[in-house]
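*Asks:* Have a look at the structure that comes next, please.
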Amino acid sequence: MTAARLGDGGWLEHPSVRRAPSPNVDERPPGTDVTLLVLHNISLPPGRFGGPYIEALFTNTLDCAADPWFERLRGLRVSAHFLIARDGAVVQFAGTDSRAWHAGVSCFEGRERCNDFSIGIELEGCDDQPFTDAQYRALARLAPALRARHPIRALRGHEHIAPGRKTDPGPHFDWRRCGREGGWDPAQLPPQAAPAAAGALPAKASGEQ
Ligand SMILES: [Zn+2]
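Under UniProt numbering, think of the first position of the sequence shown as 1, with each following residue one higher.
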C-alpha cells in the first residue's frame with residue numbers, strides 16, 4: 001500500500017483498501033477528539049486464519065452454525081475500524097470519524113468507554129503466534145494517515161484498557177517495532193514497551209560489584 005489518506009468521514013482512500021461497512025457503528029459524543037489507537041487480535045475460529053468469518057462477524061452476517069465455537073458469538077454486535085489480515089490486506093468497516101464497537105468496558109488513564117475516543121484496529125492473529133511482516137508494514141502505512149486526521153496521542157492494546165478481561169494483541173505483538181516503523185513517539189507506546197529505565201534493570205548480584 002502506497003501512501004493513503006483518510007477522506008470523507010475518515011474512510012481510507014486507497015484502491016487496495018476494501019470497504020465493508022458495519023452496521024455496528026454510531027456517532028461519537030459531540031466534540032470528542034480521537035486521541036487513542038487501540039490494537040487487537042482476532043481469529044475465527046481462534047488460531048485459524050484466512051476465513052471469511054471476521055468480516056462476517058463485523059457485518060452481522062456470521063453463520064453461527066459454520067463452526068461449533070461460533071455459537072457463543074450469536075447476537076454479538078461488534079466492529080472495528082480496520083482489519084489487517086495476515087497478508088497485510090486492509091478492510092475498513094467504519095470511518096474513523098464514527099464510533100466503532102471494539103473496546104467494550106474499558107478505561108484509559110481514568111477515562112472510561114474508550115470506543116468514544118479511539119480507533120480500533122484488529123490484526124488477524126492470536127495471543128500465541130507472531131504477527132506477520134506484512135501486518136507491521138500495513139500498520140506503518142496506516143499510521144501517517146491516522147495522525148493526519150486525528151490528534152492521536154497514545155497507542156494501547158485491548159489488554160491495556162481492559163486488563164483482566166482481555167489479553168490481545170498479546171505478548172507476541174512487538175510494540176517497539178510498531179512504534180519505530182510507524183513513526184510513533186516512544187512515549188505514545190504502552191509503558192511496558194518503552195526501553196527499560198535504568199532503575200528498572202535487574203540489580204547486579206552482590207558479588208559483581
Ligand atoms: Zn480486542
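Ideal placement from N, C-alpha and C gives every residue a C-beta, glycine not left out. These numbers come from a predicted model, not from an experiment.
Tell me whether the stretch 68-79 and the stretch 27-35 touch, counting them as touching only if at least three CB pairs, one residue from each stretch, are closer than 8 Å.
*Replies:* Judged by Cβ distances under 8 Å, the stretch 68-79 makes no contact with the stretch 27-35, as fewer than three pairs qualify.
*Asks:* Does ligand 1 have a heavy atom nearer than 7 Å to the CB of Asp127?
*Replies:* Checking the Cβ of Asp127 against ligand 1 gives no.
*Asks:* Grab the span of the alpha helix (DSSP H) containing His160 for me, first residue to last.
*Replies:* Segment His158 to Ile161, the alpha helix (DSSP H) holding His160.
*Asks:* Which residues does DSSP list as the beta-bridge partners of Gly120?
*Replies:* DSSP lists Val38 as partners of Gly120.
*Asks:* Flag His158 as yes when its Cβ comes closer than 7 Å to any non-hydrogen atom of ligand 1, and as no otherwise.
*Replies:* His158 Cβ: within cutoff of ligand 1.
*Asks:* Three or more beta-carbon pairs under 8 Å between the stretch 130-139 and the stretch 94-106, yes or no?
*Replies:* These segments do not touch.
*Asks:* Does the beta carbon of His81 fall short of 7 Å from some heavy atom of ligand 1?
*Replies:* Result no, Cβ not under 7 Å from ligand 1.
*Asks:* DSSP three-state label for Ala154, please.
*Replies:* Of the three classes helix, strand and coil, the one that applies to Ala154 here is strand, per DSSP.
*Asks:* Helix or strand or just coil, what does DSSP make of Arg177?
*Replies:* Three-state DSSP puts Arg177 in a helix.
*Asks:* Could you tell me the distance, in whole angstroms, from the CA atom of Ile54 to the CA atom of Gly110?
*Replies:* Approximately 30 Å, taken between the alpha carbons.
*Asks:* Based on the DSSP output, what are the partners of Cys107 in its beta bridges?
*Replies:* DSSP, once it has assigned bridges, lists Glu112 as partnering Cys107.
*Asks:* Would you give the residue range spanned by the beta strand (DSSP E) that Asp133 belongs to?
*Replies:* Here Asp133 belongs to no beta strand (DSSP E); instead the alpha helix (DSSP H) covers Asp133 to Arg149.
*Asks:* Quick one: using the 10 Å Cβ neighbour count with 16 as the cut-off for buried, is Asp128 buried or exposed?
*Replies:* Asp128 comes out exposed.
*Asks:* With burial defined as no fewer than 16 other Cβ atoms inside 10 Å of the residue's Cβ, what is the status of Asp26: buried or exposed?
*Replies:* Classification for Asp26: exposed.
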